[in-house]
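K.L.:
Take the sequence shown: its position 178, counting from 1, is numbered 186 in the working numbering, and each next residue is one higher. Ideal Cβ placement from N, Cα and C applies to all residues, glycine included.
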Amino acid sequence: MSETGNVSYLIENRIIFTPAAQCLARVDHPNQRIKLKHSASLCLLLLIQHRGQVVSQNELLEFGWGKNHRQVSFNAFYQSILSLRKSLLQLELQQPLITTIPRKGLIIQEEFDIQVIDTPENNSASAEESLAPDATIEELLADTPRQPLITTAETIMLALTLIICVLILYPWQASDDYFSGYIAASKTPTDCQYYFNSDASNFSRHTAFIDKNPGLCQSHKFIYITTYPESKKLSALVCRSPIKARQENACQPVYYPRYDS
9 MSETGNVSYL IENRIIFTPA AQCLARVDHP NQRIKLKHSA SLCLLLLIQH RGQVVSQNEL
69 LEFGWGKNHR QVSFNAFYQS ILSLRKSLLQ LELQQPLITT IPRKGLIIQE EFDIQVIDTP
129 ENNSASAEES LAPDATIEEL LADTPRQPLI TTAETIMLAL TLIICVLILY PWQASDDYFS
189 GYIAASKTPT DCQYYFNSDA SNFSRHTAFI DKNPGLCQSH KFIYITTYPE SKKLSALVCR
249 SPIKARQENA CQPVYYPRYD S
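1) What whole-angstrom Cβ distance do Leu32 and Ser95 have, given they're in contact under 8 Å?
2) Do Ser91 and Lys45 have their C-beta atoms closer together than 8 Å?
3) In this structure, how does DSSP classify Thr107 when only helix, strand and coil are distinguished?
4) Apply the 10 Å Cβ neighbour rule to Gly60 and answer buried if 16 or more other Cβ atoms are within range, or exposed otherwise.
5) Residues in its own chain within less than 6 Å of Glu146 by CB, not counting five upstream and five downstream?
6) Using the beta-carbon count (16 or more within 10 Å), is Pro237 buried or exposed?
7) Which residue or residues does DSSP assign as beta-bridge partners of Gln113?
8) What is the DSSP secondary structure of Thr26, counted as helix, strand or coil?
9) Tell me which residue opens and which closes the alpha helix (DSSP H) that Thr127 is part of.
10) Pick from Ile231, Leu224, Gly113: whose alpha carbon is nearest that of Asn205?
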């Protein structure tokens with residue numbers, strides 16, 4: 009599975025991914041490109057080559073970082089995938105291309121239309137004009153009216169997910185103030201204790217998520233769920249014990265960018 013050659017991938021007839029140049033480009037705006045990090049480009053290539061199949065984190069690490077993959081932290085891997093998702097969002101792909109399968113890995117679903125094409129000349133590795141991953145398309149299309157790509161609720165969800173990752177990376181003895189406002193669910197169908205973010209207007213999405221994902225509960229875990237009725241994003245933090253000050257813990261994040269309850 010080589011990343012070299014004169015091959016590109018046309019995603020949903022909207023975005024062109026060129027592995028050799030490590031870039032993404034809109035079909036209708038080919039000169040406006042996003043340069044991917046080397047590891048993110050390789051991860052996307054592997055997911056495309058295994059479309060319809062779950063690719064484990066270890067497989068992505070080994071393919072994306074090579075012989076040094078054992079030294080790559082979870083945070084570095086997470087940031088690479090996050091920047092890849094953000095780049096696809098900037099290019100306005102209608103549906104999230106990469107789906108997280110909890111405790112298994114990542115997948116590009118079979119229903120996505122991805123075609124192998126010859127690399128367009130203006131997508132070659134020598135092209136000069138490109139956008140950094142954090143640049144926004146709006147800066148180049150300022151005169152084109154468009155609704156905001158990310159709502160306030162989605163921004164909050166993204167920020168929370170980053171906070172969760174920091175908590176996981178370092179065994180903490182930090183304050184539990186952030187989660188002190190979470191409300192314990194009174195009745196649940198499993199033996200886990202669930203907590204909901206109290207600033208949500210209602211908890212219908214929280215309870216629907218619990219009902220549809222009983223497998224998330226294992227061995228009396230403590231699960232902190234964050235979501236909002238007006239947003240499709242949902243994150244869950246599955247912990248060995250309650251999050252308390254000056255107490256070490258072990259937690260695993262689960263993030264759904266587009267969860268339909």
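P.N.:
According to the structure shown:
1) 6 Å between Cβ atoms; contact.
2) Yes, the pair counts as a contact, with Cβ atoms nearer than the cut-off.
3) Strand at Thr107.
4) It counts as exposed.
5) Interpretation of Glu146 is limited by its pLDDT of 38, a score under 50 that renders its predicted location unreliable; no figure is taken from the coordinates.
6) By the 10 Å Cβ count, Pro237 comes out exposed.
7) Inspection of the sequence shows that residue 113 is occupied by Gly rather than by Gln. Beta-bridge analysis with DSSP links Gly113 to Ile109.
8) Looking at Thr26 - three-state DSSP - the assignment turns out to be strand.
9) Taken as a continuous stretch (DSSP letters only), Thr127 belongs to no alpha helix (DSSP H), as it is neither H nor E.
10) Per the Cα distances, Ile231.
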